[in-house]
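Okay, structure first, notes after.
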């Protein structure tokens, strides 16, 4: 760049970043390696609901940029939501101490600086970690977001939607994972096969896949993220007693091994805000600014329905007064349909170590307005704490591209002492509302009761059947005994006895006539058993 071109660019920056309404200060333009104090780079508050992108390679200063923006938004009375992946942003609760590097930077920028602690609310996903637990019910999470978490394909996602529909129409509340699991188990059981068939479009095999994914997800500890009391997104939009916006910091170190969970939870929060908030048009300052860290995790392997939902949420939530800033490494991590809606850009350094990196660098340079900078070269030369910036002016027009030295945050860079975090968590006004989990009657209990009632009814029916069979057998036995007795009596009446037959026989009569003789006596003894006299 020639000296004349650079001076022209500086003049454009001076004019382009002068706004009538309130704004936050990002830093100042760099000229020949030094900041130009009167070429201040600002971001108008009225444009922050037009959304934005903070990008850059690992270690280039994205987290510090978030902190700088969050601090100034809070000072202007704007609530902020941040996802704290590494636990570094707890430093917002502790005033920064002056040091030579900070003094040198802020002196060069000619901007005021004072170590300051900000009103912070620490949140923990499912209570995993320090902070007020934040949970969602399965029902409000919905099949599309849950499909993203479970890694389901389009067909399985559609089938999960049918399962949600079945639960809704049958009064089976889906509050936690065991509720949804019990519904699927019921549908694939012998008792629920008829209901599964009636759903249409839901095969036993697909239901089985969903069930296996749910069981694996639950066994990985994800069940604690779902349940009641459900977090109200409106609790993110609070101000402190002194009028500063509360910075809600979602602490996520405990779920780094489940990236899809926290990225999708952030999307759920955004969707809840969209549903709850009224239309406000274009306010002078946003009602809330939402920083969506590690955004590439949200879009990775996302279904078409999921991407459409994100695009719609980002497009429409602007009119609710909410600004969304996606934070990732390269712009191409964000789908074009979403990227096109991000009018404010803070691009930190990119690396070009591989052909893929070079391609991403070239694509990133093309996302900026035309300028006198050779962005493909500049983006590889940016130092830590430097960025290429363009924002939407208070008139909605893109500002000139500015190579910017960013200001230093006034809260501590890095984590606060544990004692400070513990004090903030203990003093949270939200703790009494969300600390204790609830487990009221829902699908799991209703289906268990239904199964118990069915088993009881079956047992009672079996017992009744057995009793009836025993009674019938007894009656049959009685009938057979009576018949036998009757037959015996009949035989007795119709047939003479053996004695009668003997007495009436001619042989017996002959014996009686011969009884006095010796032979007769012998015969008599032989018949009656009397012994022979000797």
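Residue numbers (our numbering): 1459 to 1992.
Note that the Cβ used here is the ideal one computed from N, Cα and C, for glycine as well.
Quick caveat, the model's predicted, so the values are computed rather than measured.
Given residue i, which residues of its chain have a CB within under 6 Å of its CB, disregarding the five upstream and five downstream residues?
i            : result
residue 1707 : 1540, 1542, 1547, 1578, 1580
residue 1470 : 1858
residue 1779 : 1507, 1738, 1741, 1744, 1745
residue 1590 : 1581, 1886, 1888, 1889, 1892
residue 1599 : 1726
If the criterion is Cβ atoms closer than 9 Å, does the pair residue i and residue j meet it?
i            : j            : result
residue 1789 : residue 1821 : yes
residue 1867 : residue 1615 : no
residue 1631 : residue 1899 : yes
residue 1625 : residue 1607 : no
residue 1593 : residue 1687 : yes
residue 1783 : residue 1512 : yes
residue 1514 : residue 1569 : no
residue 1596 : residue 1620 : no
residue 1538 : residue 1747 : yes
residue 1800 : residue 1509 : yes
residue 1755 : residue 1813 : no
residue 1692 : residue 1751 : no
residue 1901 : residue 1637 : yes
residue 1710 : residue 1676 : no
residue 1576 : residue 1869 : yes
residue 1679 : residue 1895 : no
residue 1879 : residue 1873 : yes
residue 1644 : residue 1905 : yes
Work out the CA separation of residue j and residue i for me, nearest whole Å.
i            : j            : result
residue 1651 : residue 1928 : 34 Å
residue 1889 : residue 1553 : 24 Å
residue 1826 : residue 1785 : 17 Å
residue 1611 : residue 1764 : 11 Å
residue 1551 : residue 1572 : 14 Å
residue 1487 : residue 1862 : 4 Å
residue 1609 : residue 1759 : 8 Å
residue 1525 : residue 1749 : 10 Å
residue 1468 : residue 1499 : 11 Å
residue 1834 : residue 1823 : 6 Å
residue 1980 : residue 1930 : Caution applies to residue 1980, whose pLDDT of 43 falls short of 50 and renders its modelled position unreliable; the model cannot decide the point.
residue 1884 : residue 1843 : 34 Å
residue 1483 : residue 1681 : 42 Å
residue 1520 : residue 1817 : 21 Å
residue 1769 : residue 1561 : 42 Å
residue 1860 : residue 1501 : 12 Å
residue 1503 : residue 1781 : 10 Å
residue 1574 : residue 1517 : 24 Å
residue 1683 : residue 1694 : 18 Å
residue 1402 : residue 1832 : The question about residue 1402 has no answer here: the residues shown for the chain are numbered 1459 through 1992.
residue 1942 : residue 1920 : 33 Å
residue 1897 : residue 1527 : 39 Å
residue 1947 : residue 1940 : 11 Å
Give me, in chain order, the residues of the same chain whose beta-carbon lies closer than 8 Å to that of residue i; leave out the 5 immediate sequence neighbours on both sides.
i            : result
residue 1478 : 1852
residue 1466 : 1830
residue 1492 : 1566
residue 1841 : 1807
residue 1646 : 1654, 1662, 1665, 1666, 1669
residue 1871 : 1522, 1525, 1546, 1549, 1554
residue 1802 : 1501, 1505, 1506, 1508, 1509, 1510, 1511, 1783, 1848, 1849, 1850
What does residue i pair with, by DSSP beta-bridge criteria?
i            : result
residue 1481 : 1502
residue 1709 : 1542, 1582
residue 1686 : 1896
residue 1489 : 1492
residue 1553 : 1869
residue 1802 : 1510
residue 1697 : 1703
residue 1783 : 1510, 1749
Whose C-beta lies closer than 7 Å to the C-beta of residue i among residues of the same chain, with five residues either side of it excluded?
i            : result
residue 1535 : 1697, 1701, 1702, 1703
residue 1771 : 1728, 1729, 1732
residue 1603 : 1722, 1725, 1726
residue 1796 : 1768, 1769, 1772
residue 1673 : 1639
residue 1618 : 1601, 1604, 1605, 1610, 1668
residue 1459 : With a pLDDT of 39 at residue 1459, under the threshold of 50, the modelled position of this residue cannot be trusted; read the value that follows with caution. So the list reads 1830, once near-sequence residues are dropped.
residue 1836 : 1846, 1861
residue 1531 : 1482, 1538, 1703, 1747
Is it the case that the CB of residue i approaches a heavy atom of the ligand COA more closely than 8 Å?
i            : result
residue 1832 : The ligand COA is not among the ligands present in this structure, which contains no ligands whatsoever.
Check: Could you give the uninterrupted runs of the alpha helix (DSSP H) lying entirely in the stretch 1562–1638, keeping only those of 4 residues or more?
Finding: 1596–1608, 1612–1627
Next item on the list: Any chance you could list the alpha helix (DSSP H) runs of at least 4 consecutive residues sitting entirely within the stretch 1826–1871, in chain order?
Entry: 1833–1839
Note to self: As an exercise, report each continuous beta strand (DSSP E) stretch of at least 3 residues that is fully enclosed by the stretch 1710–1781, in chain order.
What the structure shows: 1746–1750
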